[in-house]
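Chemist: In our numbering, the protein residues as written are 10 to 203. Cβ coordinates follow ideal geometry from the N, Cα and C atoms, glycine included. Got a structure here, written out as structure tokens. Questions coming.
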């Protein structure tokens with residue numbers, strides 16, 4: 010119930026314009042010059058500059074607010090007197106490239122999570138089967154060996170628990186983020202001069 014109320018508090022029509030033709034919410038970005046798109050801490054030439062951190066955070070949060078059933082349009086608003094077709098094209102390309110990088114990075118993260126989950130599953134099964142095999146085929150009478158065997162048994166179950174937590178609990182937020190990055194990549198980016 011709490012989450013439902015929080016979701017209802019976000020009134021998308023107050024935050025974003027809506028384009029009924031494309032069933033899209035428009036995320037407006039207002040800048041004074043092309044340099045505003047880039048990080049002020051990056052002094053490399055325009056061709057190699059990083060995007061501004063606040064811009065990235067703004068885009069990520071805006072995309073999170075808009076439900077997946079709607080498309081997204083990014084609209085960069087700028088003064089008419091700074092129009093430069095080359096810089097406009099470069100700025101649009103940089104936004105796409107950056108979110109493509111984030112998308113690839115998140116995919117690798119998810120892949121590593123699944124790899125770790127499989128590793129935990131294999132180790133858990135090996136530990137549990139090893140303990141069962143030893144208990145069936147060998148008479149373990151010393152307390153030290155019994156403690157070691159029980160430790161391996163508990164360790165096997167811990168690895169299996171890690172497998173289930175990595176597989177079902179952890180990656181959901183990461184997959185959601187991956188979808189959000191894909192939405193930015195699929196979105197149309199336009200520039201409006203006024």
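DSSP beta-bridge partners for residue 37?
Modeler: For the purposes of this step, residue 37 is identified with residue 28 of the chain shown, where counting begins at 1. BP columns for residue 37 point to 84.
Chemist: Closest by CA to residue 198, which one among 99, 89, 47, 74?
Modeler: Locating residue 198 in the chain shown gives position 189, counting from the first residue. Taking only the C-alpha atoms, the option nearest residue 198 is 99.
Chemist: Just to confirm before moving on: does the CB-CB distance between residue 46 and residue 64 stay below 8 Å?
Modeler: Numbered from 1 along the chain shown, position 37 holds the residue referred to as residue 46. Numbered from 1 along the chain shown, position 55 holds the residue referred to as residue 64. Yes, the pair counts as a contact, with Cβ atoms nearer than the cut-off.
Chemist: Run the CB neighbour count on residue 75, radius 10 Å, all protein chains shown included, and call it buried at 16 or more, exposed below.
Modeler: Taking the chain shown and counting its residues from 1, the one referred to as residue 75 is at position 66. By the 10 Å Cβ count, residue 75 comes out buried.
Chemist: Terminal residues of the continuous alpha helix (DSSP H) containing residue 108?
Modeler: Here the question's residue 108 lines up with position 99 in the chain shown. Here the alpha helix (DSSP H) through residue 108 covers 94-146.
Chemist: When the Cα atoms are used, what is the spatial distance from residue 73 to residue 165?
Modeler: Residue numbering aside, residue 73 sits at position 64 when the chain shown is read from its first letter. Residue numbering aside, residue 165 sits at position 156 when the chain shown is read from its first letter. Each residue's Cα considered, the two are about 38 Å apart.
Chemist: Run the CB neighbour count on residue 126, radius 10 Å, all protein chains shown included, and call it buried at 16 or more, exposed below.
Modeler: The residue labelled residue 126 in the question sits at position 117 within the chain shown. Label assigned to residue 126: buried.
Chemist: So which of 188, 88, 174, 21 has the shortest CA-CA distance to residue 33?
Modeler: Counting from 1 along the chain shown, the entry for residue 33 is found at position 24. For the residues 188, 88, 174, 21, the minimum Cα distance to residue 33 belongs to 21.
Chemist: In the DSSP assignment, find the unbroken beta strand (DSSP E) run with residue 28 in it and report its ends.
Modeler: Residue mapping note: residue 28 aligns to position 19 of the chain shown, counting from 1. Looking at the DSSP string, the run of the beta strand (DSSP E) that includes residue 28 is 26-28.
Chemist: Is the Cβ-Cβ distance between residue 176 and residue 119 less than 8 Å?
Modeler: Here residue 176 refers to the residue found at position 167 of the chain shown. Here residue 119 refers to the residue found at position 110 of the chain shown. No, Cβ-Cβ distance for residue 176 and residue 119 is not below 8 Å.
Chemist: Between 129, 117, 153, 157, which has its C-alpha nearest residue 141's C-alpha?
Modeler: Mapped onto the chain shown, residue 141 falls at position 132. For the residues 129, 117, 153, 157, the minimum Cα distance to residue 141 belongs to 157.
Chemist: Out of curiosity, what's the CA-to-CA distance linking residue 143 and residue 151?
Modeler: Counting from one through the chain shown, the residue named residue 143 turns up at place 134. Counting from one through the chain shown, the residue named residue 151 turns up at place 142. Each residue's alpha carbon lies about 13 Å from the other.
Chemist: Over what stretch of residues does the beta strand (DSSP E) that includes residue 79 continue unbroken?
Modeler: The residue given as residue 79 occupies position 70 in the chain shown. Where residue 79 is concerned, there is no enclosing beta strand (DSSP E), given that its DSSP letter is neither H nor E.
Chemist: For residue 160, is the classification buried or exposed, using 16 other Cβ atoms within 10 angstroms of its Cβ as the cut-off for buried?
Modeler: Reading the chain shown from its first residue, position 151 is the one you call residue 160. Its Cβ having fewer than 16 others within 10 Å, residue 160 is exposed.
Chemist: Please check the pair residue 60 and residue 112, which I expect to be a contact at CB under 8 Å, by giving their CB distance rounded to whole angstroms.
Modeler: Taking the first residue of the chain shown as position 1, residue 60 is located at position 51. Taking the first residue of the chain shown as position 1, residue 112 is located at position 103. The C-beta separation of residue 60 from residue 112 comes to about 14 Å, leaving the pair out of contact by the 8 Å criterion.
Chemist: Quick check on this structure: which residue in 86, 116, 163, 102 has the alpha carbon closest to the alpha carbon of residue 35?
Modeler: Along the chain shown, one-based indexing puts residue 35 at 26. Of 86, 116, 163, 102, the residue nearest in Cα terms is 86.
Chemist: Per the DSSP calculation, residue 199 is bridged to which residue(s)?
Modeler: Taking the first residue of the chain shown as 1, we reach residue 199 at position 190. DSSP, once it has assigned bridges, lists 84 as partnering residue 199.
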